[in-house]
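A.B. asks:
Residue numbers (the working numbering), protein chains in the order written: chain Y, 226 to 598; chain Z, -16 to 316.
Below, the structure is given as structure tokens:
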């Protein structure tokens, strides 16, 4: 029955969704919390911008489990919350909602209609968080959710749909899947990278300072080992972590290239499946689309060298030289500081040496050092 | 409700998504929290709280909020729980106030919002307590100014345990790493042992910093993520590695670097003038080596310039890698 709820075809007029990872992580948080505390169901609102062509989902807020009754959101609670949210996110408005499930369910249409009718949300988008995605351990796993928009179907042949709802006023509604991509602000990316590299698991530790050790545990061998051999200073850590990120990215690029090479190598020899291919590729003997994409990619490589190569080289060279100058300056500053310290030491030691040379007793403060026997 | 939830939970496999041990911090024991709060164990030791653990969601919310303010300071509230000497921050919410550094009573304006918001949260079944406040210091590092100290001391008087978190969005961008600090103020009459900060404070803020730096201490900050986050993040990485390769921090941080150099230059000039002033030499008699105040300044300047250098190096590596992969001529065959 649920399958009937999904409108089969997509439409060119549907908006494209840009989702910020912040919203996704916030939904994670909501799901984890509800899962642990066993409070549910999980429903929340999406806040963002709608410029007609694209809908950008940036923030979320949760509709607490206590404010969900009979598949509807508590009207007055929700409008108060929306008002508060508009105070702190003046540029954003209510653009849709989310819940957890495997596919659209009849009760989803209730909330979809509620958003549309009661909260001036013109064409709400519906994010369905699909945990079952995590079960397939694909390397290039897709993100665990689908996006839908609600459309009112004119045909009345699906009368069984709103049998669950006493109000006949809910018009028959279907969900049409819409495309989405991720949009990440630079600051968001930095936050995410920090979480990826540095965040530990959420094990509760009965508050001692051992928590810092606990943090290291989850960082994996790469971070633990150098600690035992030598302790990199904070400065070195910065460089190290930047190199590590680059290394991972290069590795990723390499693995992608390897995949393409492996795919191409497999082609002429046999039209049969290859272990390194994803199932989608192996369904047809020759996937012309894939081959064409690869050909296009190879052709475009020639174009990636920038048009104004001379200027670019000059600019990067300049940036590098600036960096070197800065390095020299830093060293100079350090040396100046060292020299100053040396000067002071000489200042203390020199008179004493001279006095000793002249056969006089050394400075009073240093006497203790000489006759310790 | 319970059986309904159980059914729904089972249908969607929610249980398999969380791990009672690994996700323990997502739980909340209201009675336990109340008991801890009334025990007032932290009253005996001004340094009682030592750690802060911030959830992935709260961290992202704070970082993007700080950045959204640009050069204007922004402010928000943190929610969470207390675990022994650790503040566990599980959520963050923006407050409708700006310019927290220039106005003493900024947070008063937010009080109405805070009250309303918390009421709505509680109503809906989220019992977390307000745990602290965060605000941004765009470009001048994480520490507490005089106004911040007053604000924080006020919070600690009314609603202790309370925490202050500061985020510097500009340094976050330039370092490619979140610049964050967590602080608690000392009681009015408490004299802490020598505190030394390696913060690089811009010249125009140095006075403010110097007047209040011994009124508070900083806590260790670490982050935590859920089992679910780990799954999602590994999938997100599939999209991110591209931008990691394509960015060029040397170019994007130019303004910040210039500002830093200017600041270091100003500090060097000041150090030089101090050095030349005859009174600092105490009429030719050298003091004990470590006590000369200008030495400390020198150490700070050195450290700041080294840090800047390190960031340049990291940026240069990024540029080199990019160059090597994308710009280097393709060998002809």
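A virtual CB, placed ideally from N, CA and C, is assigned to each residue, including glycine.
(1) With DSSP as the reference, please indicate the residues paired to residue 115/Z in a beta bridge.
(2) If we cut at 7 Å on Cβ distances, does residue 413/Y have a partner in chain Z?
(3) So residue 312/Y contacts chain C; which residues on that side make the cut at Cβ distance below 7 Å?
(4) How would you write the range of the beta strand (DSSP E) that residue 332/Y sits in, first residue to last?
(5) Any Cβ of chain Y within less than 7 Å of the Cβ of residue 299/Z?
(6) Please check if any C-beta of chain Z sits within less than 7 Å of the C-beta of residue 464/Y.
(7) Can you tell which of 481/Y, 426/Y, 229/Y and 554/Y has the C-alpha that lies nearest to the C-alpha of residue 3/Z?
(8) Apart from the five residues on each side of it in sequence, which residues of its chain come closer than 8 Å, Cβ to Cβ, to residue 240/Z?
(9) Give, in chain order, every residue of the segment 7 to 39 of chain Z whose Cβ lies closer than 9 Å to some Cβ of chain Y.
(10) Please list the partners that residue 0/Z has in chain Y, where partner means a Cβ-to-Cβ separation under 8 Å.
(11) Just list the residues that DSSP pairs residue 34/Z with in beta bridges.
(12) Drop a sphere of 10 angstroms on the beta-carbon of residue 194/Z, count the other beta-carbons inside from all chains shown, and report buried for 16 or more, exposed for fewer.
(13) Which value, in whole angstroms, describes the spacing of the CA atoms of residue 7/Z and residue 429/Y?
(14) Measuring straight from C-alpha to C-alpha, what distance separates residue 28/Z and residue 22/Z?
(15) Within 10 angstroms of its Cβ, does residue 266/Z collect 16 or more other Cβ (buried), or is it exposed?
(16) Candidates 290/Y, 345/Y and 351/Y: which alpha carbon is nearest residue 271/Y's?
(17) Taking the alpha carbon of residue 313/Y as the reference point, which residue from 70/Z, 58/Z, 66/Z and 73/Z has its own alpha carbon closest?
(18) Kindly indicate which three-state DSSP category residue 223/Z falls into: helix, strand or coil?
(19) In three-state DSSP terms, what is residue 576/Y?
(20) Tell me which same chain residues have a C-beta within less than 7 Å of the C-beta of residue 359/Y, skipping the five on either side of it?
(21) Note the first and the last residue of the continuous beta strand (DSSP E) segment covering residue 284/Y.
(22) Please state if the CB of residue 416/Y and the CB of residue 204/Z are separated by a distance shorter than 7 Å.
(23) Which class does residue 239/Z belong to by DSSP, given the choice of helix, strand or coil?
(24) Within a Cβ cutoff of 6 Å, which residues of the same chain sit near residue 321/Z, ignoring the five residues on either side of it in sequence?
(25) For a contact defined as C-beta to C-beta under 9 Å, what are the partners of residue 478/Y on chain Z?
(26) Nearest CA to the CA of residue 401/Y: which residue from 576/Y, 283/Y and 229/Y?
(27) Less than 7 Å between the beta carbons of residue 65/Z and residue 19/Z, yes or no?
(28) Could you name the residues of chain Y that residue 219/Z contacts, counting a contact when the two beta carbons are closer than 7 Å?
(29) May I ask you to list the residues that DSSP assigns as paired with residue 325/Y?
(30) What's the C-alpha gap between residue 480/Y and residue 159/Z?
(31) Residues of chain Y with CB under 7 Å from residue 54/Z, in chain order?
(32) What are the residues that DSSP puts in a beta bridge with residue 171/Y?
(33) Would residue 293/Z pass as an interface residue toward chain Y - the criterion being a Cβ-Cβ separation below 7 Å?
(34) Pick helix, strand or coil for residue 193/Z, following the three-state DSSP scheme.
(35) Counting only beta-carbon separations shorter than 7 Å, does residue 558/Y have a partner in chain Z?
(36) Step through the CB atoms of chain Z and report whether any lies within less than 7 Å of the CB of residue 370/Y.
C.D. replies: Taking the coordinates as given:
(1) 61/Z and 146/Z
(2) yes
(3) Checking the listed chains, one finds no chain C in this structure; the protein chains it contains are Y and Z.
(4) Counting along the chain, residue 332/Y falls outside any beta strand (DSSP E), though it belongs to the alpha helix (DSSP H) covering 331 to 343.
(5) yes
(6) yes
(7) 426/Y
(8) 157, 291, 294 and 295
(9) 7, 8, 9, 10, 11, 32, 33, 34, 36, 37, 38 and 39
(10) 256, 257, 260, 356 and 359
(11) 69/Z and 203/Z
(12) exposed
(13) 6 Å
(14) 13 Å
(15) Model confidence at residue 266/Z stands at a pLDDT of 44, short of 50, so the residue's coordinates are unreliable; what they give is reported in the following sentence. By the neighbour-count rule (16 or more Cβ atoms within 10 Å), residue 266/Z is not buried but exposed.
(16) 351/Y
(17) 58/Z
(18) helix
(19) helix
(20) 369
(21) 279 to 288
(22) no
(23) helix
(24) This structure gives no information on residue 321/Z, because the portion of chain Z shown stretches from -16 to 316.
(25) 224, 225, 228 and 308
(26) 229/Y
(27) yes
(28) 246 and 417
(29) 354/Y
(30) 25 Å
(31) Per Cβ cutoff of 7 Å: no residues; residue 54/Z is ~14 Å from chain Y at best.
(32) Here chain Y covers residues 226 to 598 and nothing more, so residue 171/Y does not appear.
(33) yes
(34) helix
(35) yes
(36) no
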